[in-house]
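Remarks on the structure that follows.
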Amino acid sequence: MKRIPLSTLILTAIVIVLAAGLIGTLFFLRSQPPPQRGFTPLVEVAPMEPDSSVWGVNYPNQYSTFLLTAQNDTQTKYGGSKLISKLEQDPRLLTLFAGMAFSKEYNEDRGHMLSLQDVQETARVNETTPGTCYSCKSSSNPRLWAEMGPEAFYETKFFDLGNRVTTPIGCANCHEANTMRLIVTNPALQQALEAQGKDWQTATRQEMRSLVCANCHVEYYFKGEGKHLTFPWSNGTGIEDIVTYYAEIGFADWKYPDAGTPMVKIQHPEYEMYTADSTHFRAGVACADCHMPYTRDGAAKFSTHDVKSPLLRAETACGACHTDVTYVTDRVKRIQDQVHETLIATEDAIIAAINAIKAAAADPNADTTVLDEARALHREAQLRWDFVAAENSMGFHNPAEALRILARATDQARQAQLKAIQASPQALLARAQP
Ligand code: HEC
Ligand code: HEC
Ligand code: HEC
Ligand code: HEC
């Protein structure tokens, strides 16, 4: 039998000792608690806790920056956080929204901490307003939806629900307690995604950094007698999908006075506009990249929760990706000016259509079939225009899409005007008299 050399025996012994040591170390590491980044949470937060100050004990940087949203008061050319009236800025809106609540009051949006105060003080709510209006305004909601069910929440009158909705937007609108992962909290978003066969639970972290904003920054309507909060997304989230959706269900928010057009008021479709193939969306950029950029406080690096216009902190908001911040902010100005100029031209076209339709509607001999065609065009033109007007970035989120939509809206408005004239040439002649 051949003898095993001494050197081999020694080597084998060394290998065995090393392996045993490694296994021991691995066992030790496995039995340790999972690593905590920075610190251990100080308090356990109850599920759906409405009070953000409780969460704030664990996350003071996020909480203190979040509180700043109550004080922001700086205006930018087309945005910012100052309480200014859109109706005073552009009196055309009084005509465009005649006969409905937005012609009474329509203000610039402000910070998240002011959401509850602003909705409770608006002249647009009254005794008949449903509780649904609180859906995007408060961190009390997730728990209320769980306790009373969304249906009862929507059906309760706004003034009655006010006793239970006591906090502005807060941590519970975007985060799961303790795990702090981003979640869908609005049942209407959950339903809208399901209707499209989508499951947010499988979304990537980067997708959630935009999707969490879609809890609120979207177009919606109140469905049926129960005033059920619904996103018109079952055909998709593009403007054409939404136009088709409202046509299919024959929905109208109000009837335009004297013209008789059944109208749709668009809310704030930031998510839909941004995700309609914008350059940034295509490049994988999320809402939070621009609106909640990483910030440093000493050694701590965190997402600022002082959500506001990125133009007020372009160095951090844009500078993370763009080296020439002056160049890109100048691009924002130009894009917004171009979209604004086009938007005003569209408004003039829609107002011309409204006047022509009103005149034709007052004519007992008007051709009602052609007049209805004019109304259908007016409805669509204004819905499209409002998709850009109610979106809060003055086109920046998706410049090409905003201009495409406005071009179509202007064309439809002028077609509506021509149809109205065709329906009643007499009305036009009468109006031309001095
Ligand atoms: C590439 C950067 C960028 C991304 C991504 C982005 N935004 Fe913006 N957003 C802006 C800029 C720039 C403005 C214009 C601000 C102004 O006019 O003061 C703006 C304006 C807004 C406003 C109005 C702000 C104000 O001061 O009135 C809201 C609300 C908003 N964005 C929400 C969103 C949401 C929701 C998303 C994702 C769906 C998103 N944004 C994605 C850059 C971005
Ligand atoms: C409007 C939605 C929203 C609200 C409200 C909100 N957060 Fe966040 N939060 C985010 C987003 C988006 C991120 C980025 C998450 C990521 O990158 O995965 C984030 C990240 C965090 C993180 C991870 C670390 C970091 O800074 O990136 C913590 C902790 C956190 N938030 C705490 C809070 C606390 C505490 C509150 C309430 C005071 C709060 N958040 C309110 C959207 C929100
Ligand atoms: C729970 C609903 C809700 C969620 C979630 C939400 N927002 Fe808002 N957001 C609002 C409301 C409501 C306002 C207007 C508040 C007001 O005018 O009083 C607003 C205002 C804003 C403004 C304007 C702030 C200003 O100072 O003018 C920006 C920008 C904004 N949100 C961006 C975002 C982004 C980005 C996200 C996702 C990270 C997000 N929001 C998530 C409801 C929400
Ligand atoms: C997370 C990265 C990121 C952030 C943050 C970001 N951008 Fe961009 N931006 C991009 C990418 C990627 C492109 C695509 C073109 C490219 O590669 O330069 C782009 C393109 C642009 C363009 C050209 C758009 C076009 O349609 O061709 C402008 C203008 C712009 N960004 C402005 C801004 C402004 C203003 C901000 C801050 C409010 C900002 N960006 C924040 C990544 C970012």
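Here this note's numbering = 1-based position in the sequence shown + 1. Ideal Cβ positions, reconstructed from N, Cα and C, are used throughout, including at glycine. All of these numbers come straight from a predicted model, not from anything done at the bench.
When the Cα atoms are used, what is the spatial distance from residue i to residue j?
i    : j    : result
T180 : M209 : 15 Å
P233 : S310 : 27 Å
T343 : H176 : 39 Å
L430 : E348 : 24 Å
P34  : P42  : Its pLDDT being 48, under 50, P34 is placed unreliably by the model, and nothing is read from it.
Y221 : I24  : 57 Å
A346 : R415 : 11 Å
Y64  : D259 : 50 Å
H229 : V326 : 44 Å
E381 : E195 : 27 Å
A153 : N216 : 19 Å
A14  : A21  : 11 Å
S279 : V16  : 58 Å
A354 : F160 : 38 Å
S8   : S304 : 59 Å
S140 : D242 : 31 Å
P61  : H306 : 11 Å
H341 : R283 : 24 Å
I184 : T70  : 21 Å
Y295 : S86  : 32 Å
T133 : V55  : 26 Å
C319 : Y275 : 16 Å
A357 : A421 : 6 Å
R335 : L94  : 23 Å
W386 : R409 : 9 Å
H113 : N174 : 11 Å
G251 : E374 : 15 Å
L312 : L372 : 45 Å
L1   : H281 : Since the displayed the chain opens at 2 and closes at 435, residue 1 lies outside it and no answer follows.
L19  : R4   : 25 Å
M293 : D331 : 21 Å
R297 : Y247 : 46 Å
N399 : T411 : 18 Å
Q37  : V46  : Unreliable placement is indicated for Q37, whose pLDDT of 46 sits below 50; the coordinate value is still reported in the next sentence. Going from the Cα of Q37 to the Cα of V46 covers about 17 Å.
G81  : E50  : 29 Å
W201 : G239 : 19 Å
L212 : N187 : 11 Å
S425 : Y257 : 19 Å
F388 : A367 : 31 Å
A403 : V44  : 46 Å
A315 : R165 : 38 Å
K302 : V120 : 33 Å
Need the endpoints of the alpha helix (DSSP H) that residue i sits in, please.
i    : result
A193 : P188 to A196
A417 : P400 to A424
T296 : Element bounds for T296: not the alpha helix (DSSP H) but the beta strand (DSSP E), Y295 to D298.
M274 : E271 to T276
I240 : I240 to I250
Q118 : S116 to E122
H281 : T280 to R283
E156 : P151 to E156
C291 : C288 to H292
L88  : K87 to Q90
R1   : Any answer about residue 1 is impossible in this case: the structure gives the chain only from 2 up to 435.
A315 : A315 to A318
L162 : F159 to L162
Taking C-alpha atoms, which residue in the options lies nearest to residue i?
i    : options                   : result
T130 : G100, W201, G163 and S116 : G163
T459 : L84, K420 and E128        : The first residue shown for the chain is 2 and the last is 435, placing residue 459 beyond what the model contains.
A377 : A189, G261 and A403       : G261
L115 : G227, R125, C137 and D387 : C137
T317 : A300, C291 and V308       : C291
K498 : G171, E109, N59 and E392  : The structure shown does not extend to residue 498, since the chain is modelled only from 2 to 435, so the question has no answer here.
G171 : R432, A301, G285 and R144 : R144
A102 : L12, R405, W255 and N73   : W255
V286 : Q268, T205 and G299       : T205
A428 : Q383, A362 and A147       : A362
Q383 : P188, P51, M264 and P48   : M264
K105 : L97, P92, R125 and D119   : R125
F67  : P188, G57, G299 and R432  : G57
Q337 : N73, P6, K78 and T123     : K78
So does residue i have its beta carbon nearer than 7 Å to some heavy atom of ligand 5?
i   : result
G81 : Absence of ligand 5 is noted for the structure shown, with ligand 1, ligand 2, ligand 3 and ligand 4 being the only ligands found.
What residue range is occupied by the uninterrupted beta strand (DSSP E) comprising residue i?
i    : result
F303 : A301 to S304
| request: Within the segment 200-229, note down every full alpha helix (DSSP H) run reaching 4 residues or more, in order along the chain. | output: 206-212
| query | If you scan the segment 38-66 from start to end, which runs of the alpha helix (DSSP H) of 4 or more residues do you find wholly inside it? | reply | 53-59
| query | Can you list, in chain order, the stretches of the alpha helix (DSSP H) that have 4 or more residues and sit fully within the segment 336-407? | reply | 369-390
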